C-alpha cells in the first residue's frame, strides 16, 4: 500500500492548539498527488495536457484523535471504488505510535475540460487503479 | 436562516483554475464562526475561557458546480442534529445566480479541555441551537 | 483611500494563538483583489483574457501587534510607486481600536503570459493607479 | 548549511497557475520549524513550555522565477543577524536545476508570553545560532 509520511506544521494548526480540520484534507491531497505521480499521472501533465481533469465531487473526514504541531503522521491510501468515469480513495492516518488519528475519503470524476462533462477514465489510469487495488492490504 | 456572503479569493483557487476542494471547508467554517458569534459563543471567549472546546469530529462536502476566483457565494446554515454532547450543521452554498454549487456538513462534540473527554453541551448553546433549528427555513 | 474590512478567522491563526504570519499576506491580497476589481481589473478577466499577468515579485510585512481570532481589522491601501511595467501597493492594517497592527508592501510587474517577459502596464490600469494615488490620503 | 527539500503542492498554487506568493512564506516556515527542531527547540516544547515565543516581526520575499505544481525545490537557511533578543534567517530557494527561484527573510524576537515584552534569547538558542552561523557556507 502507498504510504506518505509527513509532519504537522505550525500553519496546519489553529488557535485551539490542534490541526485545523480543513488542513487534514490538504494533507491527504498531498498524499494523493504523490500517488498519482507514482502512477505516471502528474498534476503538471494533467493541467497542461488538458485532456481530462479529476475534480473531487465528494470529500469526507473523520477525526479520531488530536494532532499537534510537530506530530509525525503516516497516510496510507486504499482504492475505494473504480467506476467508468469515477473512482474513490480512502485515507488512513496514523501517528508515530501507529494509533489511528483520522480517516478520509475523496471521490473523483473524470471531466473533459472542453465540454465540462464526464468522460471515461483514461485506460492507463483505470489499469493503474485496478493494479493498485489488487495489491492493497499487503502492507501497512 | 443565517446566511453568510463572501467571494472566492485567488488563494482559495489552485492551478486547475477552480476552488481547491479543502478551501470550501475553510469557507464554511468562516460562516460557522459568525453563526456562533451571533449565538454569543465567540471563539476568543471559548479559547480563553477553556471551559469546553467544540472540535469537529466529522466533516463532508459535495461539489456541485465549479467556483472561480471572484465568484460571489452565499452560505446558508441549518442545524442537523442536536445531541447531549454533540450537534451538526449543514451548509448550502449558492452562487450569485442562486444555483446550488455545494453542500457540506460538520459534526461537533463538546470536549472538556482539562479531561479531553466529552461533556454535555452548555445549556445556553443547547438553547441557542434549538431556537435556531425551530426558526430555520423561514428566510433565505 | 480604499479600505477593506475583515475579521481574523480561526484558520488564520496557529497554535501559538495568534495570526500565522503568512496569513497576513493572504489577507492583504484579498484587499488588493477588491481594489483591482474596483479599478475594473478583475482577476477572472485577467486570468481568462491572458493579455497580462501581474505577478508579485517582492512582498514584505511588519507585525506591530498581535492579532487574535475574531479581531476586526481594516486594511487601507496606498499606491507606492508607478513605473512603466511595475507598481507597488502599501497596506496599513488597523484593529477595531484604530491601533496600527501591521503594514505590508507588494511589488507587481506586468508580464506578457505568452512571452513570460515584462510588458508595459495597460494604459487604463496606469491611469487608474495614478488617479487613485492622487486621491490618496483624503480619507482614512 | 541546513537544507530542506520539498515539492510544490496543488494547494500552494492559485488560478494563475503558479505558486500563490503567500505560500512561499508558508514553505520557508516549514524549513524554519525543522531547523529549530534540529537545534533542539521544537514548537511543541516552546508552545507548551510557555517560557518564550519567537514571533516574526518582519518578513519579506523575492520571487525570481515561477514555481508550478510538482516542482521540486530546496531551501537553504542562513543566519542573518543575532541580537540580544532577536535574530533573522535568510532563505535561498532553488529548483531541481539549482536555479534560484526565490529568496526570503524572517526577523524573530524573543517574547516573554506572560509579559508580552522582549526577553533575551535563551542562552542555548543563542549558542545554537552562533554555531550554525559559523558553519554556514560549508553547504549540503
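Protein chains in written order, with the working numbering: chain A, 621 to 760; chain B, 621 to 760; chain C, 621 to 760; chain D, 621 to 760.
All residues carry an ideal CB built from backbone N, CA and C; glycine is no exception.
Every value quoted in this text rests on a predicted model; they were computed, and no experiment measured them.
Item to check | Helix, strand or coil at residue 732(A) according to DSSP, with G and I counted as helix | outcome: coil
Checklist entry - Quick check: the region 713-726 of chain C against the region 684-692 of chain C, are there 3 or more CB pairs under 8 Å? => result yes
Checklist entry - Hey, out of 735(D), 678(D), 668(D), whose CA is closest to residue 726(D)'s CA? => result 678(D)
Next on the checklist: Going by beta-carbon coordinates alone, are residue 740(A) and residue 705(A) separated by less than 8 Å?
Outcome noted: yes
Checklist entry - DSSP on residue 695(B), reduced to helix/strand/coil? => result strand
Item to check | Interface partners of residue 659(A) on chain D, CB under 7 Å | outcome: Simply none; closest approach about 14 Å.
Item to check | Close beta carbons around residue 660(C), own chain, < 8 Å, minus the five adjacent residues each side | outcome: 744, 748
Item to check | residue 754(B): first and last residue of the uninterrupted alpha helix (DSSP H) it sits in | outcome: 743-755
Checklist entry - chain D partners of residue 742(C), CB-CB under 8 Å? => result Within chain D, no C-beta atom comes nearer than 8 Å to that of residue 742(C); the closest sits roughly 17 Å away.
Checklist entry - Interface residues of chain D around residue 684(A) at Cβ under 7 Å? => result Residues of chain D passing the Cβ test: none, with the nearest at roughly 20 Å.
Next on the checklist: For residue 682(A), list the residues DSSP reports as bridge partners.
Outcome noted: 723(A), 678(B)
Item to check | Beta carbon proximity, residue 629(A) to chain D, threshold 8 Å | outcome: yes
Next on the checklist: Can you tell me where the alpha helix (DSSP H) holding residue 647(B) begins and where it ends?
Outcome noted: 641-659
Checklist entry - Can you find at least 3 beta carbon pairs, one from the region 626-640 of chain D and one from the region 626-643 of chain C, that sit closer than 8 Å? => result Contact between the region 626-640 of chain D and the region 626-643 of chain C is absent: fewer than three C-beta pairs spanning the two stretches fall below 8 Å.
Item to check | Short CB-CB distance (under 8 Å) between residue 706(C) and chain D | outcome: no
Item to check | Closest residue to residue 699(D) among 665(D), 625(D), 724(D) (Cα-Cα distance) | outcome: 724(D)
Item to check | Distance between residue 674(C) and residue 649(C) (C-alpha atoms, nearest Å) | outcome: 12 Å
Next on the checklist: Comparing C-alpha positions only, which one of 653(C), 669(C), 712(C) sits nearest to residue 734(C)?
Outcome noted: 669(C)
Checklist entry - Can you pull the DSSP bridge partners for residue 706(D)? => result 729(D)
Item to check | Beta-carbon spacing of residue 711(B), residue 753(B) below 8 Å | outcome: no
Item to check | Pairwise C-alpha distance: residue 692(B) and residue 715(B) | outcome: 6 Å
Checklist entry - What are the boundary residues of the alpha helix (DSSP H) that includes residue 622(A)? => result Note, residue 622(A): premise wrong, no alpha helix (DSSP H); beta strand (DSSP E) at 622-627.
Next on the checklist: For a contact defined as C-beta to C-beta under 7 Å, what are the partners of residue 646(C) on chain B?
Outcome noted: 631
Item to check | Cβ distance (whole Å) where residue 646(C) is taken to contact residue 694(C) below 8 Å | outcome: Their Cβ separation, rounded to whole angstroms, is 16 Å, which puts residue 646(C) and residue 694(C) out of contact at 8 Å.
Next on the checklist: Can you list, in chain order, the residues of its chain with a C-beta nearer than 6 Å to that of residue 622(C)? Leave out the 5 residues immediately preceding and following it.
Outcome noted: 655, 697
Checklist entry - So is residue 736(B) buried or exposed if we call it buried at 16+ other beta carbons inside 10 Å? => result It counts as exposed.
Next on the checklist: Just checking residue 645(C) against the ligand SAH - is the residue's beta carbon closer than 7 Å to any of the ligand's heavy atoms?
Outcome noted: This structure lacks the ligand SAH, and indeed carries no ligand of any kind.
Next on the checklist: Am I right that residue 746(A) and residue 702(A) are in contact with their C-beta atoms under 8 Å? What's the rounded C-beta distance?
Outcome noted: Taking C-beta atoms under 8 Å as the contact rule, residue 746(A) and residue 702(A) qualify, at a distance of about 7 Å.
Next on the checklist: By the 9 Å beta-carbon criterion, what residues does the region 671-704 of chain A contribute toward chain D?
Outcome noted: 688, 689, 690, 691
Checklist entry - Quick one: what does DSSP say residue 673(B) is sitting in, helix, strand or coil? => result strand
Item to check | residue 671(A) versus residue 630(C): straight-line alpha-carbon distance, rounded | outcome: 38 Å
Item to check | C-alpha distance - residue 742(C) paired with residue 665(A), whole-angstrom precision | outcome: 32 Å
Checklist entry - Grouping DSSP H, G and I as helix and E and B as strand, with all else coil, what is residue 739(B)? => result Residue state, collapsed to three classes: coil.
Checklist entry - Do we get a CB-CB distance below 8 Å when we pair residue 654(D) with the residues of chain C? => result Contact of residue 654(D) with chain C is not assigned, every C-beta pair being separated by 8 Å or more.
Checklist entry - Within the 8 Å Cβ cut-off, does residue 663(C) reach chain B? => result Using beta-carbon distances, residue 663(C) counts as an interface residue toward chain B, with a partner under 8 Å.
Next on the checklist: Per the DSSP calculation, residue 633(C) is bridged to which residue(s)?
Outcome noted: 639(C)
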